[in-house]
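Heads up, the thing below is written out as structure tokens.
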Amino acid sequence: MIELDLFEAPGGVPPLPPGVRLLEGFAAPWEPALLTGIEQVVAEAPYRHMITPGGQCMSVAMTNCGSAGWISDRSGYRYTRIDPHSGHPWPTLPESFSTLARQAAEAAGFTGFAPDACLINRYAPGARMSLHQDRDEHDLAAPIVSVSLGLPAVFLLGGLERRARPARLPLSHGDVIVWGGASRMIFHGVAPVAEGLHPGVGRQRINLTLRRAAPA
Ligand code: MD6
Ligand code: FE
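Our numbering runs 9 ahead of the 1-based position in the sequence shown.
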């Protein structure tokens with residue numbers, strides 16, 4: 010019997026677990042607004058390489074906007090109202106970010122999504138994100154809306170336990186993942202980003218993850 014190995018299958022989109030929806034190209038029309046928003050946020054809260062609780066410097070550079078921002082340092086992972094780099098609150102969530110997130114959530118069947126936090130991840134070629142769960146948000150019933158811009162990447166979709174072998178989901182500029190329900194706690198990551206140049210975004214991949222971090 011020949012068993013087709015999902016994870017080795019060339020190309021194509023693997024079947025997604027329940028609760029994960031891929032909206033291909035959904036954010037493409039929003040590119041100019043999103044890039045303007047990112048520029049404004051980064052002017053106030055520059056990208057930085059955070060340190061994991063284990064003392065490693067993350068290859069992904071990060072910043073945040075919204076009333077809460079995700080940080081990592083020697084004492085752990087958490088959301089803060091204040092950017093530890095500036096001592097000021099994180100920049101305001103641009104309206105284009107929250108409108109896009111609400112529309113994408115709606116398209117995936119989650120009504121009334123009102124994000125209060127957006128983590129902005131910047132991947133230079135070679136940067137990667139190891140398998141993790143997103144578990145620092147207060148309300149785990151709210152979905153997360155994830156927007157990919159710039160260079161393509163391979164998203165790694167594991168299971169509810171870390172040891173599950175991840176499926177590989179190719180993501181391109183403009184793709185949006187809406188993720189919640191039964192899959193909210195699955196392990197996931199990003200394979201090292203390949204060298205390249207995106208016409209609008211340059212030599213980088215930018216990922217926005219919009220969340221409901223604090224109580225509604
Ligand atoms: C990234 N994304 O795509 C990293 N987390 O660069 C995430 O870690 C992520 O895309 C939770 C939900 C959706 C995501
Ligand atoms: Fe995540």
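Even for Gly, the Cβ is constructed at its ideal location relative to N, Cα and C.
Determine the direct distance from the alpha carbon of residue j to that of residue i, and round the result to whole angstroms.
| i | j | result |
| --- | --- | --- |
| Ala113 | Asn73 | 20 Å |
| His197 | His97 | 31 Å |
| Leu15 | Pro175 | Confidence is the limiting factor: at Leu15 the pLDDT is only 46, short of 50, which leaves the residue's position unreliable and the question unanswerable from this model. |
| Ile91 | Arg83 | 17 Å |
| Ala54 | Leu102 | 12 Å |
| Leu160 | His141 | 22 Å |
| Ala222 | Ala126 | 6 Å |
| Ser157 | Leu43 | 11 Å |
| Ile129 | Trp79 | 10 Å |
| Asp57 | Ala173 | Contrary to the premise, residue 57 reads as Arg rather than Asp in this sequence. Computed Cα separation, rounded: 31 Å. |
| Gly85 | Met59 | 11 Å |
| Ala203 | Val50 | 26 Å |
| Pro152 | Thr61 | 25 Å |
| Glu17 | Glu170 | In this prediction, Glu17 scores a pLDDT of 46, lower than 50, which makes its location untrustworthy; no coordinate-derived value is stated. |
| Gly168 | Ala133 | 27 Å |
As a quick exercise: from the options, pick the residue whose alpha carbon is nearest that of residue i.
| i | options | result |
| --- | --- | --- |
| Gly28 | Glu146, Leu166 and Cys66 | Leu166 |
| Ala116 | Leu32, Leu206 and Gly135 | Leu32 |
| Glu146 | Ser181, Pro41, Arg87 and Ser192 | Arg87 |
| Leu226 | Ala136, Gly75, Gly190 and Phe164 | In the structure as shown, the chain begins at 10 and stops at 225. Residue 226 is therefore absent and cannot be evaluated. |
| Phe106 | Ile47, Arg177 and Gly211 | Ile47 |
| Trp188 | Ala52, Asp143, Ala70 and Pro23 | Asp143 |
| Gly121 | Thr108, Leu180 and Trp99 | Thr108 |
Per DSSP, residue i forms a beta bridge with which residues?
| i | result |
| --- | --- |
| Tyr86 | Ser81 |
| Leu44 | The partner list for Leu44 (beta bridge, DSSP) is empty, contrary to what the question assumes. |
| Leu25 | Looking at the DSSP assignment, Leu25 forms no beta bridge with any residue, so it has no partner. |
| Ser155 | Ile186 and Thr218 |
| Leu31 | Ile186 |
Please find out if some non-hydrogen atom of the ligand ADP comes closer than 7 Å to the beta-carbon of residue i.
| i | result |
| --- | --- |
| Leu206 | Here the bound small molecules are the ligand MD6 and the ligand FE; the ligand ADP is not part of this structure. |
(request) Ignoring anything shorter than 4 residues or poking outside the segment 69-145, list the alpha helix (DSSP H) runs there in chain order. (result) 104-116
(message) Using a strict less-than 6 Å threshold between each residue's beta carbon and the heavy atoms of the ligand FE, what residues do you get?
(response) His141, Asp143 and His197
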